[in-house]
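Peer 1: Chains as they are written, first to last, in our numbering: chain A, 1 to 586; chain D, 587 to 873.
Yeah, the Cβ is synthetic: ideal placement off N, Cα and C, and Gly gets one too.
1) According to DSSP, is residue 29 (chain A) part of a helix, a strand, or is it coil?
2) Residue 589 (chain A) bridges to which residues according to DSSP?
3) Determine, for residue 263 (chain A), whether the minimum Cβ-Cβ distance to residues of chain D falls below 7 Å.
4) I'd like to know whether the C-beta atoms of residue 696 (chain D) and residue 752 (chain D) end up nearer to each other than 7 Å.
5) What residues are listed by DSSP as bridge partners for residue 511 (chain A)?
6) Can you list, in chain order, the residues of its chain with a C-beta nearer than 6 Å to that of residue 415 (chain A)? Leave out the 5 residues immediately preceding and following it.
7) Could you pull out every residue in the same chain whose Cβ sits closer than 6 Å to the Cβ of residue 299 (chain A), ignoring the five residues on either side in sequence?
8) Would you call residue 266 (chain A) buried or exposed, if buried means 16 or more other Cβ atoms sit within 10 Å of its Cβ?
9) What are the partner residues of residue 363 (chain A), as DSSP defines its beta bridges?
10) With distances taken from CA atoms, which of A:270, A:213 and A:11 is nearest residue 45 (chain A)?
11) Could you tell me which of A:233, A:167, A:232 and A:254 sits nearest to residue 597 (chain A), measuring between CA atoms?
12) Taking C-beta to C-beta, are residue 168 (chain A) and residue 132 (chain A) nearer than 7 Å?
13) Whole angstroms are fine: how far does the CA of residue 718 (chain D) sit from the CA of residue 611 (chain D)?
14) One question on the structure: do residue 53 (chain A) and residue 63 (chain A) come within less than 7 Å of each other, judged by their Cβ atoms?
15) Give me the chain D residues within the contact set of residue 242 (chain A), using Cβ-Cβ distance strictly less than 7 Å, ordered along the chain.
16) What separation, rounded to the nearest whole angstrom, lies between the Cα atoms of residue 86 (chain A) and residue 59 (chain A)?
17) Answer yes or no: does any C-beta atom of chain A fall closer than 7 Å to that of residue 624 (chain D)?
18) Which one or two residues does DSSP pair with residue 707 (chain D) in a beta bridge?
19) Taking the Cβ atom as the reference point for each residue, do residue 795 (chain D) and residue 710 (chain D) lie within a distance shorter than 7 Å?
20) Based on the DSSP output, what are the partners of residue 604 (chain D) in its beta bridges?
21) Provide the residue span of the alpha helix (DSSP H) that contains residue 451 (chain A), from first to last.
22) Comparing the C-beta of residue 249 (chain A) with each C-beta of chain D, is any distance below 7 Å?
23) If you count every other CB in all the chains shown that lies within 10 Å of the CB of residue 587 (chain A), and 16 or more means buried, which is it?
24) Going by DSSP in three states, residue 432 (chain A) sits in which element: helix, strand or coil?
25) Just the Cα atoms here: how many angstroms apart are residue 648 (chain D) and residue 664 (chain D)?
26) Spatial neighbours of residue 235 (chain A) within its chain, please: CB distance less than 8 Å, with the 5 preceding and 5 following residues excluded, ordered by chain position.
27) Where DSSP assigns a beta bridge to residue 535 (chain A), which residues make up the other side?
28) Any idea which residues DSSP pairs residue 866 (chain D) with across the strands?
29) Give the C-beta separation of residue 344 (chain A) and residue 333 (chain A) to the nearest angstrom, bearing in mind that I take them to be a contact with Cβ-Cβ under 8 Å.
30) So, does the stretch 524-533 of chain A touch the stretch 478-490 of chain A, judging by three or more C-beta pairs under 8 Å?
31) Does the distance from the CB of residue 3 (chain A) to the CB of residue 192 (chain A) come in under 7 Å?
32) Can you tell me the Cα-Cα spacing of residue 707 (chain D) and residue 831 (chain D), whole angstroms?
33) Determine which residues of the stretch 399-432 of chain A have a Cβ less than 9 Å from any Cβ of chain D, and write them out in chain order.
34) What three-state label does DSSP hand residue 168 (chain A) in the structure shown?
35) Please identify, using Cβ separations under 7 Å, the residues of the stretch 476-508 of chain A that lie next to chain D, in order along the chain.
36) Who are the near neighbours of residue 633 (chain D) in its chain, counting only those whose CB is closer than 6 Å to its CB and skipping five residues on each side?
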């Protein structure tokens with residue numbers, strides 16, 4: 001990988017690590033370089049080791065690697081924490097004038113650049129700018145045009161006044177000049193610039209931006225790592241488009257508020273992470289049975305219980321797929337990178353309204369908090385299409401009323417999707433309920449109606465399976481006997497892994513699956529391959545379970561769901577019929 | 587349309603399955619009359635209910651309605667109202683639904699002060715599950731789950747509402763049709779969260795808090811010199827454990843509802859066919 005640089009700044013939480021890292025990432029992006037960031041952080045506000053890492057190249061970068069070329073170490077521990085990734089040509093920038101850094105030993109043949117970060121920052125106007133001094137030093141080490149950093153500083157501090165901006169620029173220059181004057185090294189890390197214009201954002205921001213683009217006007221949520229950035233992004237922005245963010249008292253309230261807004265006709269969503277999804281579970285069934293369009297984002301983190309809130313895991317697949325008592329028709333869409341967080345969010349809103357059912361957007365920590373560069377076309381607002389599904393207006397109501405002129409919100413149509421009358425529509429007032437109901441939305445325990453409504457709701461999913469494109473994306477050698485399948489944010493690392501494998505003359509066909517349910521039928525692909533490997537960030541292989549299940553010989557089924565248990569004679573008849581039947585249903 | 591609306595327009599053609607004599611009949615009739623009297627019609631009204639006997643109300647009324655899960659009616663109502671300020675939103679619940687499983691939402695709905703009306707049918711018992719203690723049951727009230735009484739003081743919903751910054755706090759008695767209707771009407775007309783706790787006796791399981799008990803005990807605030815704008819006076823009455831009051835205990839006439847504070851005045855259901863105008867600025871932010 002030419003021109004591939006791995007840079008990090010590390011210190012204690014509260015040292016401004018995150019914002020400093022973002023400024024440098026922004027500078028690189030503005031210089032037309034691709035950027036992929038990652039974070040080491042703990043679940044605490046101040047103190048403790050934390051780091052912001054950037055991988056940058058003029059080519060696309062889609063993953064992290066085990067290599068660190070330049071490290072800005074604000075604490076000695078930062079060096080220890082990264083020993084595995086540092087190598088003989090690494091450069092470590094640190095402030096040797098600070099008492100706690102005086103005796104820092106630079107390991108191996110690495111180059112230690114002691115730069116008086118604090119002193120130079122004070123000379124430029126304040127010790128708080130010590131990190132910016134370090135960025136200036138990094139510019140010198142990499143021959144990176146410091147004007148790009150200026151531009152990022154202007155963006156970051158522009159609204160705080162011209163003097164703040166110019167002080168920061170000066171702090172950066174002091175770092176740059178110090179390295180140029182004091183050290184006479186030839187570094188290996190020249191960073192080229194290009195004329196490309198990239199956008200740089202993380203997955204949570206992309207979900208928020210996708211929501212606004214898709215016409216989402218109502219968001220209710222409760223702060224939880226790593227989903228909070230979605231709410232923070234929307235706050236202050238959604239209002240500009242006539243919307244509102246409500247910080248609810250808990251997740252139970254959040255999903256029910258979002259449900260209420262959706263029933264009023266707004267495109268509405270909530271986002272949370274594992275523990276919050278647990279709390280919301282009860283309402284999944286209500287969303288589905290009342291046939292309310294709702295987008296529920298689960299930005300996964302390590303579970304179970306409180307688990308590791310700041311660590312990656314893809315452990316909630318089963319939760320979003322099966323969560324809730326009873327059987328709930330739903331969609332589970334899993335973006336595979338930051339750009340897809342935008343696109344799949346838009347798609348989620350369309351699916352929710354077209355099929356009037358919950359849509360889970362299954363994202364994960366790795367892409368939620370990762371800043372990544374993209375060509376702006378990925379976020380093409382002109383390409384956004386909005387499909388609100390079957391909404392009836394005042395004139396269309398009559399076509400859906402019964403013999404007593406009552407509107408039938410749950411009318412059992414061929415495709416399973418009913419007419420939807422938003423509140424305010426004349427002569428269509430109706431009730432929605434989590435109880436089993438008839439076409440009018442009224443409670444029923446009638447066994448035939450129960451079956452009709454269950455079938456009707458499930459038919460929406462069958463319709464969607466046929467009407468929408470659930471294909472996986474394919475990479476690598478299409479003719480290879482080795483098949484690798486992954487979902488979620490693993491795609492980037494796997495795509496890059498293909499190159500490494502290629503170097504070893506191992507060829508692989510790689511399928512990246514952005515849909516959990518419905519999902520593509522990969523049975524034939526699995527059967528055709530000699531080796532099948534499923535890559536996912538969890539212990540048990542939740543997606544692998546599904547694929548194994550999909551690829552099994554299909555079984556005949558006998559089902560009953562009218563609310564009454566099997567009777568022996570009835571069951572015997574059913575079994576006999578099944579044994580004689582040629583049909584095997586999926 | 588609204589001038590011609592009669593309260594019976596809010597009646598559905600479904601016969602209630604409440605026990606004969608249940609207080610909920612009167613509570614619901616008053617709600618329908620109050621809605622009609624305030625110029626609403628079924629097409630612009632949204633009724634949200636939770637679970638329990640009270641939760642059935644959405645079935646018996648004719649309007650847009652959602653019958654949700656236990657205890658979560660207030661968040662649903664909040665979402666409906668914020669998304670479409672043109673709708674008249676009424677939330678109905680019971681003492682279990684509202685003050686037990688939904689107690690957290692109650693306090694926060696009160697302080698959020700969204701312009702909607704919350705009517706709680708308080709019968710001081712769990713009826714639909716056949717007679718267990720509720721949060722408003724008396725300390726010594728013997729039930730199937732509390733054979734010697736709950737041995738804990740009942741929740742005082744009015745006090746909860748007042749301490750959470752409630753802007754409209756009232757209480758009524760379901761069988762006193764005219765006063766009950768009038769009080770719910772005032773709650774609807776209030777700019778903000780209108781809360782009415784309604785004594786709605788359970789004739790099947792509660793032989794203590796009966797019609798006779800309330801009839802004999804209730805003090806109507808209109809027959810006193812109570813000033814509902816005086817918060818201290820309201821506090822004194824609300825904390826008076828010996829009396830049951832009917833009327834508006836407290837009303838903050840300066841109340842500014844959530845939507846006004848947050849500048850929400852448009853129907854969020856109306857969205858463009860593609861990304862909204864100005865959406866490209868969202869992308870430019872990330873250059």
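Peer 2: So, to answer that:
1) Residue mapping note: residue 29 (chain A) aligns to position 29 of the first chain, counting from 1. Helix, per DSSP.
2) Chain A is shown from 1 up to 586; residue 589 (chain A) falls before or after that span and cannot be answered.
3) Stepping through the first chain from its first residue, residue 263 (chain A) is reached at position 263. Cβ-Cβ to chain D under 7 Å: yes for residue 263 (chain A).
4) Within the second chain, residue 696 (chain D) is the residue found at index 110, counting from 1. Within the second chain, residue 752 (chain D) is the residue found at index 166, counting from 1. In this structure, residue 752 (chain D) lies closer than 7 Å to residue 696 (chain D) by Cβ.
5) Along the first chain, one-based indexing puts residue 511 (chain A) at 511. Looking at the DSSP assignment, residue 511 (chain A) forms a beta bridge with A:474 and A:485.
6) Position 415 of the first chain, counted from the first residue, corresponds to residue 415 (chain A). Counting only Cβ-Cβ distances below 6 Å, and skipping sequence neighbours, we find 463.
7) Your numbering for residue 299 (chain A) matches position 299 in the first chain. These residues qualify, in order along the chain: 226, 227, 273, 363 and 368.
8) On the first chain, position 266 is the one that residue 266 (chain A) refers to. The residue is buried, with at least 16 neighbouring Cβ atoms inside 10 Å.
9) As a position in the first chain, residue 363 (chain A) is number 363, starting the count at 1. BP columns for residue 363 (chain A) point to A:299.
10) Start at 1 with the first residue of the first chain, and residue 45 (chain A) comes out as number 45. It is A:11 whose Cα lies nearest to the Cα of residue 45 (chain A).
11) Nothing can be reported for residue 597 (chain A), as the shown portion of chain A is limited to 1 through 586.
12) Numbered from 1 along the first chain, position 168 holds the residue referred to as residue 168 (chain A). Numbered from 1 along the first chain, position 132 holds the residue referred to as residue 132 (chain A). Cβ distance < 7 Å, so residue 168 (chain A) and residue 132 (chain A) count as in contact.
13) Indexing the second chain from 1 puts residue 611 (chain D) at position 25. Indexing the second chain from 1 puts residue 718 (chain D) at position 132. Residue 611 (chain D) and residue 718 (chain D) have their C-alpha atoms roughly 21 Å apart.
14) In the first chain, residue 53 (chain A) corresponds to position 53, counting from 1. In the first chain, residue 63 (chain A) corresponds to position 63, counting from 1. Not closer than 7 Å, so no.
15) As a working note, residue 242 (chain A) is residue 242 in the first chain. The contacting residues are 852 and 854.
16) Along the first chain, one-based indexing puts residue 86 (chain A) at 86. Along the first chain, one-based indexing puts residue 59 (chain A) at 59. Those two C-alpha atoms are separated by around 22 Å.
17) Counted from its first residue, the second chain places residue 624 (chain D) at position 38. Not one chain A Cβ lies under 7 Å of residue 624 (chain D).
18) Residue mapping note: residue 707 (chain D) aligns to position 121 of the second chain, counting from 1. Answer is D:680 and D:784.
19) Position 209 of the second chain, counted from the start, is the residue given in the question as residue 795 (chain D). Position 124 of the second chain, counted from the start, is the residue given in the question as residue 710 (chain D). For residue 795 (chain D) and residue 710 (chain D), yes; Cβs fall inside 7 Å.
20) For this step, residue 604 (chain D) is matched to residue 18 along the second chain. None; residue 604 (chain D) has no bridge partner.
21) Taking the first residue of the first chain as position 1, residue 451 (chain A) is located at position 451. Where residue 451 (chain A) is concerned, the enclosing alpha helix (DSSP H) stretches over 447-467.
22) The count along the first chain starts at 1 and reaches residue 249 (chain A) at position 249. Taking Cβ atoms only, chain D reaches closer than 7 Å to residue 249 (chain A), which makes this a yes.
23) Any property of residue 587 (chain A) remains undetermined from this structure, which presents chain A solely from 1 to 586.
24) Sequence index remark: in the first chain, residue 432 (chain A) carries index 432 (1-based). Residue state, collapsed to three classes: strand.
25) Position 62 of the second chain, counting from 1, holds the residue named residue 648 (chain D). Position 78 of the second chain, counting from 1, holds the residue named residue 664 (chain D). Taking the straight line from one Cα to the other gives about 20 Å.
26) Here the question's residue 235 (chain A) lines up with position 235 in the first chain. Within the same chain, residue 235 (chain A) has close Cβ partners 245.
27) To locate residue 535 (chain A), count along the first chain from 1; it is residue 535. Paired residue(s): A:486.
28) Reading the second chain from its first residue, position 280 is the one you call residue 866 (chain D). Paired residue(s): none; residue 866 (chain D) is not in a bridge.
29) Locating residue 344 (chain A) in the first chain gives position 344, counting from the first residue. Locating residue 333 (chain A) in the first chain gives position 333, counting from the first residue. About 5 Å separates the two Cβ atoms, so the contact holds.
30) yes
31) Here residue 3 (chain A) is taken as the residue at index 3 of the first chain, counted from 1. Here residue 192 (chain A) is taken as the residue at index 192 of the first chain, counted from 1. Their beta carbons are under 7 Å apart, which means residue 3 (chain A) touches residue 192 (chain A) by this criterion.
32) Indexing the second chain from 1 puts residue 707 (chain D) at position 121. Indexing the second chain from 1 puts residue 831 (chain D) at position 245. Approximately 15 Å, taken between the alpha carbons.
33) 404, 406, 421, 422, 423, 424, 425, 426, 427, 428, 429, 430, 431 and 432
34) Here residue 168 (chain A) is taken as the residue at index 168 of the first chain, counted from 1. Looking at residue 168 (chain A) - three-state DSSP - the assignment turns out to be helix.
35) none
36) By one-based count along the second chain, residue 633 (chain D) stands at place 47. The beta carbon of residue 633 (chain D) is closer than 6 Å to those of 644, 647, 649, 651 and 676 in its chain, skipping five residues each way along the sequence.
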